[in-house]
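*Asks:* The working numbering numbers the first residue of the sequence shown as 18 and each following residue consecutively.
Structure below; questions to follow.
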Amino acid sequence: MHLLQPELHTRRAFLRRSGQLGLAGTALPFALNLAAMGEAAAFTATDYKALVCVFLYGGNDYANTVVTYDDPSYLKYSAIRGGNGLGGGGIAIPKDALGATLLSPTAALPGGRQYALHPAMSGLTGLFNSGKAAVQLNVGPLVVPLTRAQYNGSNRSLYPLPPKLFSHNDQQSVWQSSSPEGSTIGWGGNIGDLALSSNANSLFTCISVTGNAVFLSGDSALQYQVSTSGAIPINGVKNSVYGSTAVRSALTSLIQQTSGQTLENEYNKVTTRAVTSESLVTTGIAGVNLATPFPANNGLADQLRMVARLIGARGTMGTKRQVFMVSMGGFDLHDNLISQQPGLMQRLSDAMTAFHNATVELGIADKVTAFTASDFGRTLNSNGDGSDHGWGSHHLMVGGAVKGKAFYGSAPPGSNTNTTA
Numbered sequence: 018m019h020l021l022q023p024e025l026h027t028r029r030a031f032l033r034r035s036g037q038l039g040l041a042g043t044a045l046p047f048a049l050n051l052a053a054m055g056e057a058a059a060f061t062a063t064d065y066k067a068l069v070c071v072f073l074y075g076g077n078d079y080a081n082t083v084v085t086y087d088d089p090s091y092l093k094y095s096a097i098r099g100g101n102g103l104g105g106g107g108i109a110i111p112k113d114a115l116g117a118t119l120l121s122p123t124a125a126l127p128g129g130r131q132y133a134l135h136p137a138m139s140g141l142t143g144l145f146n147s148g149k150a151a152v153q154l155n156v157g158p159l160v161v162p163l164t165r166a167q168y169n170g171s172n173r174s175l176y177p178l179p180p181k182l183f184s185h186n187d188q189q190s191v192w193q194s195s196s197p198e199g200s201t202i203g204w205g206g207n208i209g210d211l212a213l214s215s216n217a218n219s220l221f222t223c224i225s226v227t228g229n230a231v232f233l234s235g236d237s238a239l240q241y242q243v244s245t246s247g248a249i250p251i252n253g254v255k256n257s258v259y260g261s262t263a264v265r266s267a268l269t270s271l272i273q274q275t276s277g278q279t280l281e282n283e284y285n286k287v288t289t290r291a292v293t294s295e296s297l298v299t300t301g302i303a304g305v306n307l308a309t310p311f312p313a314n315n316g317l318a319d320q321l322r323m324v325a326r327l328i329g330a331r332g333t334m335g336t337k338r339q340v341f342m343v344s345m346g347g348f349d350l351h352d353n354l355i356s357q358q359p360g361l362m363q364r365l366s367d368a369m370t371a372f373h374n375a376t377v378e379l380g381i382a383d384k385v386t387a388f389t390a391s392d393f394g395r396t397l398n399s400n401g402d403g404s405d406h407g408w409g410s411h412h413l414m415v416g417g418a419v420k421g422k423a424f425y426g427s428a429p430p431g432s433n434t435n436t437t438a
């Protein structure tokens, strides 16, 4: 049955789908909470709401992103990462470098646990401490509850594991679709399926500014791709061809024709739709001039600025419910973690902070939620100069609708025998 069939739009059906997602494990309650927002939104589309997935390709090192700060936890972190007490060292960040990015939640964590963000993440620290951001602790794909002892034990085969753990391509796909590489439908696209009827122009329900991604593919929802400059034109029917407007007219005439060939007709429909959509997007974003500064030489910021402009053009484009995807790479830091990660963290923090500020400028900050995702976490222990592929991780959620200044999930223990979250 199709996801948009009326018989699926019931509380019982939603709970059944929720149960199915729950079988996928601890990563999916995080996804499920976001999916539930889309589920509810599909039926009450009297305003605007958007989700923005910020995917960190390569597997971000969570332990130096959301860093343990209380002395007992920090000393374990430092020792495991090759450091020497509170001074850090190895791949541990010195504790005195973390004071400016200490997170101050409304409700203290159990056991006196404290966290700080990476020293380069001052912008996101400010959003957290002002109640506009939150941290999801220790999240990752899981099929059934599983302890480390069970994972390492002789009866490991009794406990189903997520498919192809530690594989970049497969875990990227698992995060985006709940299935390994080869999946064709993502949960962002599933939300898009539910939201199609809310949008006058359904093509703009799922928009990627980072190329093709399974996250945005639905049963019926199509991902519409743009660049950081805007819609991607089909130049042959937009501009002159080799200086000839007659050729352009001929091409335009060709794509408007029908024939007895099904494939040709469908190709013409797709091309015509692309031309029409490009015109709508170009017209829409032309009227959105943001005063919010975005950092230069920051590819993620460029992508998020385009998302903000597209949101600003929602009236022209006829959208009330949207899912976006942006991304940045470079996080597979088996080597040079200490020298390379600070730049990544600053670009991430600066870009997400600027984006939130842009949604404030647009008067829609409480309608837009951005969140991070990544292939997997990384090992807590050092390999000498970096960290290796892990499993669970910590992630960030930003937006006016976020119940911020808070941690969600359970903080993982840190010990010499527990080297991944």
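The beta carbon of each residue, even a glycine, is placed where N, CA and C say it ideally should be.
(1) Tell me whether MET138 sits in a helix, a strand or coil according to DSSP, three-state version.
(2) Mind reading off the beta-carbon distance from CYS524 to VAL340? Whole number of angstroms is fine, and I expect it under 8 Å.
(3) Distance check for ARG331 and GLN274, CA to CA, integer angstroms please.
(4) What are the start and end residues of each continuous beta strand (DSSP E) run of 3 or more residues lying completely inside the region 237 to 311, in chain order?
(5) Rounded to a whole number of angstroms, what is the C-alpha to C-alpha distance between GLY346 and GLY129?
(6) Please check the pair ASN186 and ARG338, which I expect to be a contact at CB under 8 Å, by giving their CB distance rounded to whole angstroms.
(7) Where do the N-terminal and C-terminal ends of the alpha helix (DSSP H) with LYS93 fall, by residue?
(8) Assess, as a yes-or-no matter, whether the region 85 to 94 is touched by the region 120 to 138 under the definition of 3 or more beta carbon pairs within less than 8 Å.
(9) May I ask which residues mark the beginning and end of the beta strand (DSSP E) holding ALA67?
(10) If you count every other CB in all the chains shown that lies within 10 Å of the CB of LEU354, and 16 or more means buried, which is it?
(11) Classify THR389: buried if its beta carbon has 16 or more other beta carbons within 10 angstroms, exposed otherwise.
(12) State yes or no: is the C-beta of SER215 nearer than 7 Å to some heavy atom of the ligand SAH?
(13) Could you check whether MET342 and ALA230 sit closer than 8 Å to each other, using their CB atoms as the reference points?
(14) Taking all protein chains shown into account, do 16 or more other C-beta atoms lie within 10 angstroms of the C-beta of GLN189, making it buried, or fewer, making it exposed?
(15) Check whether the region 112 to 128 and the region 400 to 419 touch, using three or more Cβ-Cβ pairs below 8 Å as the test.
(16) In its own chain, which residues sit with a C-beta less than 8 Å from the C-beta of LYS149, not counting the 5 before and 5 after it?
(17) Taking the alpha-carbon positions, what's the LEU73 to ARG290 distance?
(18) Could you tell me whether the region 232 to 248 touches the region 191 to 210, using the rule of 3 or more Cβ pairs below 8 Å?
(19) Which residues does DSSP pair with SER410 in a beta bridge?
(20) Is it buried or exposed for ARG98, if we count other Cβ within 10 angstroms and need 16 for buried?
(21) What three-state label does DSSP hand ARG338 in the structure shown?
(22) To the nearest whole angstrom, what separates the beta carbons of ILE249 and VAL243, a pair I think is in contact under 8 Å?
(23) DSSP beta-bridge partners for ARG395?
(24) Going by DSSP in three states, THR386 sits in which element: helix, strand or coil?
(25) Just tell me which of GLY380, VAL385, SER356 and GLN358 has its CA closest to the CA of MET369.
(26) Run through the region 100 to 145 for me and flag every whole beta strand (DSSP E) of 3 or more residues, listed as ranges in chain order.
(27) Could you have a look at PRO430 and say whether DSSP puts it in helix, strand or coil?
(28) Would the beta-carbon of PHE221 fall within 8 Å of that of THR336?
(29) Residues in its own chain within less than 7 Å of SER427 by CB, not counting five upstream and five downstream?
(30) Does the contact criterion of 3 or more C-beta pairs under 8 Å hold for the region 398 to 413 versus the region 93 to 110?
(31) I need the DSSP call for SER366, collapsed to helix, strand or coil.
(32) Using only the alpha-carbon positions, how far apart do SER410 and LEU365 sit?
(33) Exposed or buried, GLY161, counting other C-beta atoms within 10 Å across all chains shown (16 or more means buried)?
(34) Inspect the beta-carbon positions of ALA387 and VAL69 and report whether they are closer than 8 Å.
(35) Run the CB neighbour count on PHE424, radius 10 Å, all protein chains shown included, and call it buried at 16 or more, exposed below.
(36) Helix, strand or coil: which one does DSSP assign to VAL226?
*Replies:* The answer reads as follows:
(1) Secondary structure at MET138: coil, using DSSP grouped into helix, strand and coil.
(2) Coverage of the chain is limited to positions 18 through 438, which leaves residue 524 absent and any answer about it impossible.
(3) Looking at the two C-alpha atoms, the distance is approximately 31 Å.
(4) 240 to 244
(5) 34 Å
(6) Actually they are not in contact, since the Cβ atoms of ASN186 and ARG338 sit about 30 Å apart, beyond 8 Å.
(7) 88 to 97
(8) yes
(9) 66 to 73
(10) buried
(11) buried
(12) Inclusion of the ligand SAH in the displayed structure is not the case, the ligand content being empty and no account of it being possible.
(13) yes
(14) buried
(15) no
(16) Residues HIS373, ALA382, VAL415, GLY416, GLY417, VAL419 and GLY421 of the same chain have their beta carbon placed closer than 8 Å to that of LYS149, with the five preceding and five following residues left out of the count.
(17) 31 Å
(18) yes
(19) VAL156
(20) buried
(21) Residue state, collapsed to three classes: strand.
(22) Confirmed, Cβ separation roughly 6 Å.
(23) Its beta-bridge partners are HIS406.
(24) strand
(25) VAL385
(26) 132 to 134
(27) coil
(28) yes
(29) Here SER427 has LEU154 and ASN155 as same chain residues with Cβ atoms under 7 Å from its own Cβ, once five neighbours each way along the sequence are excluded.
(30) Taking 8 Å as the limit for Cβ pairs, the verdict is that the region 93 to 110 does touch the region 398 to 413.
(31) helix
(32) 16 Å
(33) Rather than Gly, the amino acid found at residue 161 in this sequence is Val. The residue is exposed, with fewer than 16 neighbouring Cβ atoms inside 10 Å.
(34) In this structure, ALA387 places its C-beta atom within 8 Å of the C-beta atom of VAL69.
(35) When all chains shown are included, PHE424 counts as buried.
(36) coil
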